[in-house]
Each structure stands twice: as C-alpha cells, then as structure tokens.
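Accompanying notes for the structure given below.
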Amino acid sequence: MYTRTPQQQASDGLRHDWTRAEAEAILALPLPELIMQAQQAHRRFFDPTEVQISTLLSIKSGGCPEDCAYCPQSAQLEHRMTSERLMPLEKVLAEAIKAKEGGAQRFCMGAAWRAPKDRDLDPVCEMVTAIADMGLETCLTIGMLTPAQAARLKEAGLDYYNHNLDTSEEFYGQIITTRTYQQRLDTLAAVRDADIKICCGGIIGMGEGAADRAAMLVTLANLPVHPESVPINLLVKVAGTPLADAEGTDPITFARVIATARIMMPASHVRLAAGREAMSDSDHALCFLAGANSIFWGDKLLTTPNPAQNRDRALLERLGMHPAPGLAHLSNHTTVTA
Numbered sequence: 545m546y547t548r549t550p551q552q553q554a555s556d557g558l559r560h561d562w563t564r565a566e567a568e569a570i571l572a573l574p575l576p577e578l579i580m581q582a583q584q585a586h587r588r589f590f591d592p593t594e595v596q597i598s599t600l601l602s603i604k605s606g607g608c609p610e611d612c613a614y615c616p617q618s619a620q621l622e623h624r625m626t627s628e629r630l631m632p633l634e635k636v637l638a639e640a641i642k643a644k645e646g647g648a649q650r651f652c653m654g655a656a657w658r659a660p661k662d663r664d665l666d667p668v669c670e671m672v673t674a675i676a677d678m679g680l681e682t683c684l685t686i687g688m689l690t691p692a693q694a695a696r697l698k699e700a701g702l703d704y705y706n707h708n709l710d711t712s713e714e715f716y717g718q719i720i721t722t723r724t725y726q727q728r729l730d731t732l733a734a735v736r737d738a739d740i741k742i743c744c745g746g747i748i749g750m751g752e753g754a755a756d757r758a759a760m761l762v763t764l765a766n767l768p769v770h771p772e773s774v775p776i777n778l779l780v781k782v783a784g785t786p787l788a789d790a791e792g793t794d795p796i797t798f799a800r801v802i803a804t805a806r807i808m809m810p811a812s813h814v815r816l817a818a819g820r821e822a823m824s825d826s827d828h829a830l831c832f833l834a835g836a837n838s839i840f841w842g843d844k845l846l847t848t849p850n851p852a853q854n855r856d857r858a859l860l861e862r863l864g865m866h867p868a869p870g871l872a873h874l875s876n877h878t879t880v881t882a
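Position in the sequence shown counted from 1, then plus 544, gives you our numbering.
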C-alpha cells in the first residue's frame with residue numbers, strides 16, 4: 545500500500561516532491577484502495593457532489609503549423625482543416641452569453657496558433673475583457689506565450705491559461721516534433737509569473753505506457769504551484785491522423801489516472817475533457833468517484849464532439865450531483881492554494 549511520511553508534506557499542505565516510483569505505485573494500487581485514497585484527498589478540499597462547469601469555444605480553427613499526431617488541424621495531414629479567420633467579437637460574446645445562461649462558470653477560448661503575434665492579441669484581449677465584464681471566468685489556449693504577452697493578457701482580465709503537457713517528456717517526441725517539452729514548460733512559467741492561473745494536463749490513449757502517465761503527473765504535481773485545473777483527456781481518434789488506429793483505453797485504466805491526479809494534486813480541479821462522447825454514464829460515474837470534479841459541456845470541444853448538455857444535466861441529477869455555484873474551495877480550506 546502507498547503511504548507518505550509527515551516529512552513529505554509541504555508547508556502549504558501539498559506535495560511538490562513526488563517521485564515517478566511513487567506515482568507508478570499509486571496508479572497500480574488495488575482499485576478499491578485507489579478510489580478510497582482519491583475520495584479522501586478530494587474531500588479535503590471539495591464538496592464531492594459539486595462539479596465545476598466550463599465551456600470551450602474555438603475562436604480560430606485551422607492553419608496550425610504544428611504536427612501534433614492527435615490533431616485534425618495538424619500541418620502533416622493531407623486533408624487538414626481549412627484555415628479560418630479569428631471569430632468576430634460579437635459572435636464570441638453571443639456564445640459566451642449562451643454558455644452563462646446554460647450554467648457555465650468559465651468560458652474558454654482556443655485558437656490554432658503556434659504562438660500568437662503581438663497584433664493577434666489586440667482582438668483577443670478585447671474578447672477577454674468583455675467576457676470578464678459579463679461575470680464569467682476567462683480562459684485561453686492560443687499557443688506559446690512570451691512573458692510580455694502573458695502580462696498583457698493578465699491586464700486584460702484573463703483568469704486561466706491552458707497549455708497541456710500532453711504526455712511524459714520521454715514519450716513527447718513520438719507525438720509532437722514542432723515544439724519542445726521545455727517550450728511548454730517555459731510558457732507555463734511565463735503564465736504563472738504573470739499571476740494567471742494554470743490549466744494543464746494531458747491525453748491518455750496515445751500509445752503511452754503507465755510509466756509515461758505517471759511521469760506526466762509527476763511533472764505537473766512538482767511544479768512550484770499545482771495547476772488550478774488539470775484536464776485529463778481521453779484520445780479522440782480522428783480519421784486521417786497518425787493516431788486514428790491507436791489502441792483504445794479501457795475505462796478503469798482511465799479512471800486510475802484520474803484518481804492518481806486527485807491524490808497527487810488534491811486541491812486542483814481535475815477535469816474530464818476530450819473523449820467524453822465515447823464514455824458511458826457508468827464510465828463518467830467511475831471517474832467522479834475517482835475524484836474528477838470538472839467538465840466541459842457544450843456540443844463541441846474545439847473540433848471534436850462533446851456530450852449534449854442535457855445528457856450531462858440528467859447524469860448529474862441521477863448521481864445526486866450538481867454544478868458548482870463557483871470555484872471557491874470549502875471555507876475551512878481557504879488558506880490552502882492549489
């Protein structure tokens with residue numbers, strides 16, 4: 545059984561010194577023990593019946609120069625998506641209003657840039673400010689950022705920035721060659737230095753092994769501050785991509801990753817992100833038991849399908865769960881940071 549000593553507990557109540565051996569041991573725990581430990585970690589910081597709701601909108605699709613093996617926008621695809629112009633402000637705001645009326649607390653926007661130019665940020669900053677003024681939390685995922693760009697987004701009112709690691713550093717080169725792992729870490733550092741919260745996770749089912757999953761979680765959990773949101777994506781196999789015929793990931797293996805993320809980063813929101821369309825209600829329930837407490841809802845996640853909002857509402861009601869009213873931790877833990 546996995547245990548930890550008092551000396552391994554950081555002053556903020558969270559650990560930042562995990563080893564790969566520890567993470568692999570947690571992943572391999574008997575499932576009842578793993579779920580119990582994840583539930584204990586979850587209840588330290590959250591109401592286990594609450595689920596944080598976000599909505600994700602692609603504000604610019606296509607034309608990406610990256611070669612990510614899982615992505616239908618990849619530059620290496622013969623028939624990749626046609627490049628689109630940035631969505632106009634009024635259309636973005638209309639989608640944000642729909643998201644808020646539908647119960648979302650956070651509105652996330654993604655653009656298919658490797659790294660935005662400074663001039664690209666002009667309309668994006670305008671979107672961020674307008675959406676923040678609506679009372680929604682704001683999140684962006686638009687590629688690599690410089691420290692100056694991150695500071696500018698913070699000034700515009702950005703709350704969160706998403707920049708996933710995708711997988712372990714060792715396996716990363718088999719998935720992406722146009723951007724290094726260190727460049728991803730550099731963007732995360734620039735965002736954190738700008739006092740923007742981090743949304744960072746990875747993708748399960750790309751051919752990686754258990755050791756790669758453990759290594760990715762160790763990298764996340766050993767950041768100076770844990771990501772406030774940790775999206776765990778299940779690979780969506782898109783025709784024409786190099787991973788279109790990847791072997792599937794069974795629900796128990798996926799739930800193990802969720803539970804391990806919860807144990808290692810107990811104060812973070814662990815989000816079920818891409819791949820939910822292929823998950824059954826029972827799969828979702830297992831992941832919630834494993835410590836997931838955040839989802840995207842809406843018909844699409846950037847370019848891939850997502851369960852209909854009414855299906856999610858019905859499922860939460862059947863489970864006796866509900867959308868969280870906000871993102872504050874439980875009152876007796878407000879001094880602990882994720």
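Note that CB positions come from ideal geometry on N, CA and C, so glycine has one too. All of these numbers come straight from a predicted model, not from anything done at the bench.
Query: Complete alpha helix (DSSP H) runs within the segment 686-771 (minimum length 4 residues, chain order); Result: 691-700, 713-716, 725-737, 754-765
Query: Beta-carbon proximity of V774 to C744, cut-off 8 Å; Result: yes
Query: C-beta contact flag for L767 and I747 at 8 Å; Result: no
Query: Beta-carbon contacts of L859 that lie in its chain and below 7 Å, excluding the five residues immediately before and after; Result: D825, H828
Query: Segments assigned beta strand (DSSP E), at least 3 residues, entirely inside the segment 795-847; Result: 813-816, 838-840
Query: CB-CB length for A631 against I603, believed under 8 Å; Result: First, the amino acid is wrong: residue 631 is Met here, not Ala. The Cβ separation is near 4 Å, so the contact holds.
Query: Beta bridge counterpart(s) of M653 as assigned by DSSP; Result: L601, L684
Query: Buried/exposed call for E681, threshold 16 Cβ in 10 Å; Result: buried
Query: Three CB pairs or more closer than 8 Å across the segment 804-819 and the segment 637-644; Result: no
Query: Integer Cβ distance of H707 from T685, believed to fall under 8 Å; Result: 7 Å
Query: In DSSP terms, what P775 is bridged to; Result: R815
Query: L571 vs T804 beta-carbon contact at 8 Å; Result: yes
Query: Close beta carbons around A582, own chain, < 7 Å, minus the five adjacent residues each side; Result: A803, R806, I807, A834, G835
Query: Reduced DSSP secondary structure (H/G/I, E/B, other) of E594; Result: strand
Query: Bridge partner(s) assigned by DSSP for H866; Result: E594
Query: Inter-residue spacing [alpha-carbon to alpha-carbon] between E594 and E772; Result: 16 Å
Query: Contact check, A758 vs R564, beta carbons under 8 Å; Result: yes
Query: For V762 and W562, the rounded distance between their alpha carbons; Result: 6 Å
Query: CB-CB length for F832 against A817, believed under 8 Å; Result: Not confirmed; about 14 Å, so no contact.
Query: For P667, three-class secondary structure by DSSP; Result: helix
Query: Per-residue burial, R650 [other beta carbons within 10 Å of its own, 16 or more giving buried]; Result: buried
Query: Pair within 8 Å by beta-carbon distance, G606 and A656; Result: yes
Query: Reduced DSSP secondary structure (H/G/I, E/B, other) of H560; Result: coil
Query: Under the three-state DSSP convention, the category T673 falls into; Result: helix
Query: Reduced DSSP secondary structure (H/G/I, E/B, other) of A790; Result: coil
Query: DSSP three-state assignment for K642, whether helix, strand or coil; Result: helix
Query: Run of the alpha helix (DSSP H) containing E577, from where it starts to where it stops; Result: 575-589
Query: Simplified DSSP assignment, three categories, for D611; Result: coil
Query: Environment of P786 [buried if 16+ CB atoms lie within 10 Å]; Result: buried
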